[in-house]
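All residue numbers for the sequence shown refer to the UniProt record's numbering, where the first residue is 1 and numbers rise by one.
A quick write-up on the structure given underneath.
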Amino acid sequence: MRIRLALLTACLALAATALPARATAPDDTHLEGRLPSGAAYVMDVPASWNGTVLLYSHGYTPAGAPNPARNTPGPAVRDALLAEGYALIGSSYATTGWAVTEAVPDQLATLELFTERFGAARRTLAWGTSYGGFVTTVLAERHAARFDGSVSMCGLVQGGVANWNSTLDPVFALRTLLAPGSGIRLAGFADQAEAVAAATSLISKAEAAQRTPEGRARIALAAALHGIPGHNDPSQPEPGPTDWRARQASQYTAVRGLLQLPAFGWRQEAEARAGGNPSWNTGVDYTALLSRSPLYKGVSELYKEAGLSLRTDLSALNRAPRIPADPPAVRWMRHTSTLSGRLTDPQLNIHTTGDALIPVEAESAYRRAAGAAGSARLLRQAYVDGPGHCTFTTGETLAALRTLEHRLDTGRWDASPGALNSRARQEDPAAEPRFVAYRPAAYPRPHDLAHPSDARP
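This is how it looks when you write it as structure tokens:
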């Protein structure tokens, strides 16, 4: 242990001397460097540190993309927190992609380096966005002794197996209904080239289908199986509640994005880590799955408009040959990337209602897990009425932190929309906050460690 601490201290000293400090005020400290794993880290500690350190976990970084260390969601949040005396730290993770096995130890190592350099914090909070919200929750569940509380923002809190199952369903529907007999591979890719080729083929089929009423109805069905809402783009006005065509057009754009990256290229990278395909649709009743979706009405109306039988297409899905999982890959994903719901300290989750990348129903999956694990009193979930993935204002983001701190200071939650909006206005008077009372529908196919039956693919 002494050797390890000495090595970490030496690494920190080397980084501090090799890179110039960027001070924003006398004695403010900015440090950048590398962990022994190769991950980059960044630390900002104001001269008037208030004793709280925030460990930020960033979102998914595709293979080959730039992967800098990040310690906040953005510069406005960073500046506000530093002005109030918070220490901000975070790492890049040693690898890109589905990097939970690197992200968790790298984040803990960053926290250890911080403690070596600046001393023990009075309070340590974990927070993160998107995939980083998932990393944050893994830290909160499996390394609770290191933290006092956590905030997961637009997090992938359904966990790894549920995520890849839910990503499989829409592409299975598209292949079955738009490209029957095509043999387009949906899982078990040999390499990125094969995944990209499969994505390109299915995108071509979807583009052609979008030009016909029948194709648009079927794309809406696929979108519903993934929970993609009809208003998910902040740059577009919200369609009317029964403007099914406009809502389907928004869903189509999101489906195309799903095909371009997560459903194929990102899946292949995760499969390479897992040693095979960690997802399946054996035994899934797609008629029942769609009937539980809040998007069912839009699908039904588009099928009527196209003169198609929804029952016939659902029967075709239920008859189509299924995709089995590779059991060792499922075991790997359950061991590394599946959540238990067991919290020791308070966690607040916030999510936008119009998220197409990680649909808001993911929060229902984690609420289910936390309830089964006996952690419901420690978990609160709050919802921002807006489209897009992680499209929180500065005030909404800071309000979430303030709400967690209030829980830690008083021992009680005050996470109502009114309380969150009041805090958000105080933090950012120029932006109208959007927290609302909301309860998402059930996640289509949840999978967590608190329910033993979930283990059966």
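Backbone N, C-alpha and C fix where the C-beta goes; we use that ideal spot for every residue, glycine too.
Pairwise C-alpha distance: residue j and residue i
i	j	result
T242	G298	8 Å
G97	G265	10 Å
L408	P36	33 Å
H406	A415	9 Å
R185	E32	43 Å
L420	P457	40 Å
A263	T167	6 Å
P346	R412	10 Å
W127	P180	44 Å
W244	P46	51 Å
S201	E238	31 Å
L308	C390	36 Å
D428	P387	20 Å
P294	G341	25 Å
A208	S337	36 Å
D326	G275	8 Å
F189	R334	20 Å
P73	N232	20 Å
D191	A199	13 Å
S130	A162	15 Å
I358	S204	24 Å
P452	F392	35 Å
L113	H447	35 Å
D27	G85	13 Å
C-beta contact flag for residue i and residue j at 8 Å
i	j	result
A399	A372	no
S375	A442	no
T124	R146	yes
V135	A103	yes
A431	G395	yes
L290	L314	yes
A69	G38	no
L449	T137	no
N349	G155	yes
Q268	A195	yes
L317	Y286	yes
A217	A306	yes
P444	D169	yes
Coarse secondary structure for residue i, derived from DSSP in three states
i	result
L111	helix
E32	strand
R123	strand
N71	coil
R380	strand
T52	strand
Y303	helix
N349	strand
L88	strand
A369	helix
residue 460	Because residue 460 is not part of the residues shown, which for the chain are 1 to 457, the question remains open.
P457	coil
T61	coil
Cβ of residue i within 8 Å of any chain E Cβ
i	result
A173	The structure shown contains no chain E; it holds only a single protein chain.
Beta-carbon proximity list for residue i, same chain, < 6 Å, skipping 5 on both sides
i	result
W164	P278 and S279
residue 474	Absent from the structure is residue 474, since the part of the chain shown begins at 1 and ends at 457.
Cutoff 8 Å; reference residue i; Cβ partners in own chain excluding five residues on either side
i	result
L139	L55, S57, V104, Q107, L108, A126, R146, F147 and S150
A80	T394, L398 and E427
Sequence-distant residues of the same chain with beta carbon closer than 7 Å to residue i, five excluded per side
i	result
Y60	S130 and Y131
request  = Taking only runs that begin and end inside the stretch 307-336, name each unbroken beta strand (DSSP E) of 3 or more residues, in chain order.
outcome  = DSSP runs (the beta strand (DSSP E)) wholly in the stretch 307-336: none.
**Asked** Taking the runs of the alpha helix (DSSP H) that are 4 residues or longer, which of them lie wholly in the stretch 185-271?
**Response** With a minimum length of 4 residues, the continuous alpha helix (DSSP H) runs that stay inside the stretch 185-271 are 192-209, 213-226 and 244-260.
At what residue ranges does the stretch 409-443 contain a whole run of the alpha helix (DSSP H), taking only runs of 4 or more? With a minimum length of 4 residues, the continuous alpha helix (DSSP H) runs that stay inside the stretch 409-443 are 417-427.
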